[in-house]
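Structure, as structure tokens:
Protein chains: 2
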Amino acid sequence: MKPSSVAGPLNGVTVLDLTRVLAGPYCAMVLADLGARVIKIEVPGTGDDSRQVGPFINGKSAYFMSINRGKESIALDLKAPADRAIFERLLARADVLLENYRGGTMEKLNYGFDVLHQRFPQLIYAACSGFGHSGPYKTRAAYDMVVQGMGGVMSLTGHSGGPPTRVGTSIGDLAAGLFTAIGINAALFERRATGQGRKIDVSMLDSQVAFLENAIARYAATGEVPGPLGARHSTITPFAAFSTKDGHIIIAAGNDGLFAALAKALGHPEWTTDPRFRTNPDRTAHHAELTAAMEAVLLTNITAHWLSVLDKASVPCGPINNVAQVLADPQVMSRNMVASAEDPVAGRITMAGNPIKLSGVPDPVERPYAPGLDEHRAAILAELDMLDRE
Amino acid sequence: MKPSSVAGPLNGVTVLDLTRVLAGPYCAMVLADLGARVIKIEVPGTGDDSRQVGPFINGKSAYFMSINRGKESIALDLKAPADRAIFERLLARADVLLENYRGGTMEKLNYGFDVLHQRFPQLIYAACSGFGHSGPYKTRAAYDMVVQGMGGVMSLTGHSGGPPTRVGTSIGDLAAGLFTAIGINAALFERRATGQGRKIDVSMLDSQVAFLENAIARYAATGEVPGPLGARHSTITPFAAFSTKDGHIIIAAGNDGLFAALAKALGHPEWTTDPRFRTNPDRTAHHAELTAAMEAVLLTNITAHWLSVLDKASVPCGPINNVAQVLADPQVMSRNMVASAEDPVAGRITMAGNPIKLSGVPDPVERPYAPGLDEHRAAILAELDMLDRE
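Those protein sequences? They're chains A and B, same order as listed. Counting in the working numbering, the first sequence tops out at residue 390, every number present. Counting in the working numbering, the second sequence tops out at residue 1390, every number present.
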């Protein structure tokens, strides 16, 4: 099929994308940013649920626009014979099918992997669901917050004794979307040798478990159930937010050398020989005392001052930026991470750029806009007709 | 070179891994789980910094073991001529070089991409650094908390007016590790056609910006700087943690159909025609009133009761599990997400499984252990000698 207009290593790959809301669409956006052509197949009438999620600009969802840039849209009713015929003509030409239904839904449509793999052995079938396509919860639906709660990350986030705290971005969806994108790319790589597609089955809950990283090791090693840690790291010290005269500063001195540089920069080189602070395990055991000692210094001046002092000493540190400050950060801007698109309905839209920078591949800040529902129907059908005549 | 003992789509791929601590090692673990052979090249004497991070089991770091399973280790001093010669013999045979130094460090060693690409055009060079290899901060180091603060996610996490709150897992590292893994796989796919490697330059800060998803759209659409949201979603309602008689429950009714099912299950079908709650934008505008109405019902019974009621009504919901509960969850266990390894020093170690499930690829709960420092030196040198004689 026609290639994407975006240059990248996945040029020539066509993805049929049945997904809605966030995990699947985010995965497809990553693939599109790498040069895949993504054809979004939406429910007629309403389309992707996220088209109904605000805020809206001239009636078009900013949420939808920010994660569907550069995709094409065709509305197909997969229960209607005429639309099923179009879908199957697309399947015969596509490299990847991406879906995020509950387990069993595609089988009910007679589009389960076993059926599709027999008819279209080249097709890579990627499922990105709440709980995966096996196990006791396989037919249940999930949303981000459900797996943030069930998967343990909420038990680690927030302050001891405080109310439940959601991670402020939808990592339940984003993690699953990225693991799915990795699986798809690995299967594309393998297929170049074997000619055969595989099924990829990623679940949001599994992805949260994979994101627990050292919390599992800590629990398994000590038998203590990890709790919320506020604004510090569990096993590396100092690695936290500290109070200054006018707000906060993040300081992350991840090894003994950095701690020595920090101690010197704050005017207390003797900390490195203090038995409470000599090694990282010492500092972690005495984190409250170290915090008090550090804040006694830090509270005497403002965040900007300490950022300058610690940067000069090569100690990793930073401010707590809000979204407006992030978008204005000179590093973020210089890396083309503030991108935008000219939407025919909503006008100019700001969004995050592509974080995967590749040598020899353009990294434009101008991105193609997110499609209107069914916008590309005529063009896609004409393309299929032309391909069938060839 | 020899293939990995773990079956997967990346069988035959060899990764040289210079990375330390989390973002890079996590990326390399994902590649190893997919069947790549990962040779970890460590600093002689101390090795990966995370070998010094507790908790320890028989002196071996549980943190290190949980993210370095199945890798091989060789200690090389990249400033010493003899070790540089070994490194270069490995580069000539490898598919991927992965590093997470500050920008400029590899150039000082004369191993920058430009030099390596000329000598080893097949080599894919992946850099996963704090700020990337361009821009004003390129020579600065970062750790997870620094980019959580600078990248905006901390401004969205926690409770309004409350203290700064870190996401309880290191998403600053994990996000960058996954984007790097995606870039590596895409470059491997492309290389099968072109024979040429590329440089992949992923930064932790960029990855945090890419994780802001709808927060950027919200700010750009409304001009309002998003703040912390406690335990609810910004634009989807009801999508939050709610109080019950004995704790909390997560309920995520992401569209009007699910909200109708929820209203009925809680005994208030009239909510769907209440003008405050009719559509998702209505519910978001009146989220405090909806929360009060829902909690008036939910506080009359315990979490387990409501989970059962809402599951029957197919409303996405879940508990807030701690790490112990996550590891005992029947779905998590049935998906092989609780894996372990028999470590020769530390004994049996529990860790997260591989969330990327692939048809036709085994998904063992028994995983190979994480290497001791320099454990594979003799075997790797013998292999190189043998290959050079061929």
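Ideal placement from N, C-alpha and C gives every residue a C-beta, glycine not left out.
What distance in whole Å lies between the Cβ atoms of residue j and residue i, which are believed to be in contact at a cut-off of 8 Å?
i, j, result
"A:Thr157", "B:Val1167", "6 Å"
"B:Pro1368", "B:Ala1341", "6 Å"
"A:Leu15", "A:Ala28", "Before going on, a small fix: residue 15 of chain A reads as Val here, not Leu. That pair is a contact at about 6 Å."
Can a CB atom of chain B be found closer than 8 Å to the CB of residue i?
i, result
"A:Ile302", "no"
"A:Phe131", "yes"
"A:Tyr111", "no"
"A:Gly318", "yes"
"A:Ala181", "yes"
"A:Tyr63", "yes"
"A:Glu281", "It is Pro, not Glu, that sits at residue 281 of chain A in the sequence shown. For A:Pro281, the answer is yes, since a Cβ of chain B falls inside 8 Å of its Cβ."
"A:Asn214", "yes"
"A:Glu190", "yes"
"A:Lys40", "no"
"A:Asp48", "no"
"A:Asp311", "yes"
Expressed to the nearest angstrom, what Euclidean distance is found between the alpha-carbon atoms of residue i and residue j?
i, j, result
"B:Lys1079", "A:Asp343", "52 Å"
"A:Ser139", "A:Arg102", "Per the sequence shown, residue 139 of chain A should be read as Thr rather than Ser. Computed Cα separation, rounded: 5 Å."
"A:Gly45", "A:Ala75", "8 Å"
"A:Arg278", "B:Asp1049", "16 Å"
"A:Ala36", "A:Phe189", "14 Å"
"B:Glu1088", "B:Met1106", "14 Å"
"B:Gly1151", "B:Gly1130", "11 Å"
"B:Ser1243", "A:Leu327", "36 Å"
"A:Ile184", "B:Tyr1111", "31 Å"
"B:Ala1261", "B:Gly1230", "25 Å"
"B:His1305", "B:Cys1317", "12 Å"
"B:Ser1359", "A:Thr180", "14 Å"
"B:Leu1034", "B:Met1294", "45 Å"
"B:Ala1210", "A:Asn336", "11 Å"
"A:His287", "B:Leu1373", "29 Å"
"A:Asn255", "A:Asn280", "7 Å"
"A:Glu99", "A:Ile380", "20 Å"
"A:Phe120", "A:Ala352", "35 Å"
Going by DSSP, what residues sit across from residue i in a beta bridge?
i, result
"A:Gly318", "A:Ile250"
"B:Met1351", "B:Ala1339"
"B:Phe1242", "B:Ile1249"
"A:His97", "Per the sequence presented here, residue 97 of chain A reads as Leu, with His not at that position. Note: A:Leu97 sits in a beta bridge opposite A:Leu16 and A:Tyr125."
"A:Leu358", "B:Ile1200"
"B:Val1061", "The displayed chain sequence assigns Ser, not Val, to residue 1061 of chain B. Answer by DSSP bridge pairing, in chain order: B:Phe1056."
"A:Ser50", "Paired residue(s): none; A:Ser50 is not in a bridge."
"B:Ile1039", "B:Leu1016 and B:Glu1072"
"A:Arg232", "A:Ala240"
Of all Cβ atoms in chain A, is any one closer than 8 Å to the Cβ of residue i?
i, result
"B:Arg1140", "yes"
"B:Asp1201", "yes"
"B:Phe1120", "no"
"B:Thr1284", "yes"
"B:His1305", "no"
"B:Ser1207", "yes"
"B:Lys1264", "no"
"B:Thr1222", "yes"
"B:Pro1164", "yes"
"B:Val1053", "yes"
"B:Phe1259", "no"
"B:Val1326", "yes"
"B:Asn1100", "no"
If we call anything under 8 Å between Cβ atoms a contact, is residue i one with residue j?
i, j, result
"B:Ile1251", "B:Leu1310", "yes"
"B:Ser1066", "A:Pro355", "no"
"A:Met204", "A:Ala176", "yes"
"B:Ile1236", "A:Val53", "yes"
"A:Lys2", "A:Pro371", "no"
"B:Gln1148", "A:Pro136", "no"
"A:Thr303", "A:Gly247", "yes"
"B:Val1225", "B:Val1096", "no"
"B:Ala1296", "B:Lys1264", "no"
"B:Ala1217", "B:Phe1239", "no"
"B:Tyr1026", "B:Asp1201", "no"
"B:Ser1073", "B:His1376", "yes"
"A:Met154", "A:Thr169", "no"
"B:Cys1128", "B:Ala1023", "yes"
Using a Cβ-Cβ distance under 8 Å, would residue i count as near chain E?
i, result
"B:Ser1155", "Among the protein chains in the structure shown, which are A and B, there is no chain E."
Can we count residue i as close to the ligand PLP, meaning its CB is less than 7 Å from some heavy atom?
i, result
"B:Phe1179", "As far as ligands go, the structure on display features none, and thus does not contain the ligand PLP."
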